[in-house]
Each structure stands twice: as C-alpha cells, then as structure tokens.
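Participant:
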Amino acid sequence: MPSKVSYVILLLLVFGLVAGCWDNWEIEERGLVLGLGLDLASEESVRDFPGLEGSISDVKDSRPYALTFQLPIPAAFGGGNGGGGGEEGFWNLTSTFPGSAQEIRGLAATRSSRKLYFEHLQVMVIGQELARHGFYPVLDRFLRDREARRQVQVYVSEGLAKDVLAVKPKGEKINATYLSTLVQNSDVASRIAPAMDLGQISRRIHENASYVIPRVTAAGDEVKLAGGGLLRGDRLVGWLG
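Throughout the sequence shown, residue numbering follows the numbering used here, covering 561 to 801 in sequence.
1) Would the beta-carbon of Q711 fall within 7 Å of that of D757?
2) Going by CA-CA distance only, name the one from E679, R751, E648 and G787 that's closest to L596.
3) Taking DSSP's pairing of strands, which residues face R597 in a bridge?
4) Grab the span of the alpha helix (DSSP H) containing P697 for me, first residue to last.
5) Which value, in whole angstroms, describes the spacing of the CA atoms of P771 and V743?
6) Just tell me which of L791, L703 and R751 has its CA closest to the CA of A769.
7) Suppose the cutoff is 6 Å on Cβ atoms and the five residues either side in sequence are ignored; what does the same chain contact list for T777 look like?
8) So, do the segment 690-700 and the segment 723-742 have three or more beta carbon pairs nearer to each other than 8 Å?
9) Under 7 Å, do I765 and Y696 count as touching if we go by C-beta distance?
10) Please classify K722: is it buried, with 16 or more other beta-carbons within 10 angstroms of its beta-carbon, or exposed?
11) Compare the C-beta of I752 with all C-beta atoms of chain D and state if any pair is closer than 7 Å.
12) Does the beta-carbon distance from L725 to T628 come in below 7 Å?
13) On a CA-only basis, which of D705, V698, L598 and G591 is nearest Q688? Give me that one, please.
14) Are the Cβ atoms of P729 and E782 separated by less than 7 Å?
15) What did DSSP end up calling G759 once you bin it into helix, strand or coil?
16) Taking just the CA atoms, how far does G789 sit from G798?
17) Less than 7 Å between the beta carbons of L676 and V593, yes or no?
18) Taking only three categories from DSSP, how would you classify S740?
19) For the alpha helix (DSSP H) containing L790, list its first residue and its last residue.
20) Do you know how far the Cα of D705 is from the Cα of P774?
21) Please list, in chain order, all residues of the same chain as A786 whose beta carbon is under 8 Å from its beta carbon, the five residues on each side excluded.
22) Which first and last residues belong to the alpha helix (DSSP H) in which K722 is found?
23) Quick check on P754: buried or exposed, where buried means 16 or more other Cβ atoms within 10 Å of its Cβ?
24) Could you pull the start and end residues of the beta strand (DSSP E) that P774 belongs to?
25) Can you tell which of S762, I734 and F650 has its C-alpha closest to the C-alpha of L699?
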C-alpha cells in the first residue's frame, strides 16, 4: 500500500502540473526533507568545508555536526518526463556545519539548488558517536524551527546515521518512509523498543530522565531494527537487547 508520504509527493506533483507551481515554488525546486541523519563531523570534513573552522568558535557548543538530508526524486513518482517504475526514489545531501536551524538551512542551500522544507520530515536518525557526546544542542535548533514536527520518529544508529539513510531497501522507493514504518512492528516483536518521537524525547531530556530509543543498524540493502539505546538526558549510556 502506498505510504502517506508517497501520496503527499504525488499530490504536490499534481498541483505542480495543473497550476505550474506550488506556493510560488516549482515542485522540482522544493527540497522536501523526509529523513534527517545527525552525526558528529570528522576532522577531514571540517577541513573540506570552507569557512567552517573560523565559525566554530562563535557558537557555545564548538563541536561541528554532519547532517544528512534525505529528499525525494519527483520523477520516480510519475513526475518529470513520465518517470517512475524502478527509478531510485531519493537522494541524500550531507553537509558539515554548526549554527542555528536557520543557519543550517542556509548553509545546506549552498550545497543544493533546492530550498529545504521540513514540514514532511518522517524520521530522524542519531549517530552513535553524537549520541554519546550529547545531541540536544543540534536537536534544540530543529525544535525551534516553526516547520519542525514533534511527531517525527527517532532512532539511534549503531554506527553513522548517514550510513543508515544510505540504505536502498528492496521494494521501497524512499529509505525514510521504510524506516518510519519499521517501528510499527514493536507491538508484535519483543526485541524492538517502543517508538519514540521528537516531542517525547524533548520532554525526557528536560526531565533528565532515562529512556530507550529504538536501535537501527545498516546491513546491506536493509536496516536491522533490534533492541534500543539507553539514554539519560541527551546522552547514550548503553545498549539494550
């Protein structure tokens, strides 16, 4: 059955074909972010990002981030030149930077011809290293964004978040929609931790409470969901299951 996100994409394509544009932006120019990966940046990526080293000292948390944005490819859903079929349905953009949600949006725009929109964000994956380091500073920057949805499903990855978002699952066009449905099996599979969304995690962090986030691991052309990460506040303290 087509996912809700697929319907959204199809509707946007229809509006684009009928009206010629949607909200004053051509469909191809709207960067609808469906998945978001949060990692700590490597030293190599910091050196490769012009101007980043000088800007790090201007923010309270001086550790830069590597964020991966997953966007749909409209042509894979029947748009463009009649595409569809077996075409790949998404592409990922990874950029390294500090800053506010607005600055993140602006800096990411320098790596893409599309303006980024987060109102249809489905899933957020937090990388293991960032989770151990503490992820609230970057999480808070998205919570302050007026487009952020607090119902976004959140996972913690054993490894890099960008590797999880890079998986191309068989029979699925978009990795993010595939990930967002995996946790629905938690009510029938005892090894899967219950779903946690952005709003719930924000409350746990403010309470400095302990909680569990479902764990995901990239494994070839699939993502394994088993056990969970045990967190206190905004830090990963161990694994369960």
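Note that CB positions come from ideal geometry on N, CA and C, so glycine has one too.
Facilitator: So, from the listed chains and residues:
1) yes
2) E679
3) Note on identity: in this sequence residue 597 is Gly, with Arg being the wrong assignment. Answer is T628 and V685, bridged to G597.
4) Y696 to L703
5) According to the sequence provided, residue 771 is Tyr. The question's Pro does not apply to it. The straight-line gap from Cα to Cα measures roughly 16 Å.
6) L791
7) E718 and K784
8) no
9) yes
10) buried
11) Looking for chain D here will not work: only one protein chain is present.
12) yes
13) L598
14) yes
15) helix
16) 6 Å
17) yes
18) helix
19) Note, L790: premise wrong, no alpha helix (DSSP H); beta strand (DSSP E) at E782 to R792.
20) 24 Å
21) R751, I752, R775, T777 and G801
22) A721 to A726
23) exposed
24) S770 to A779
25) S762
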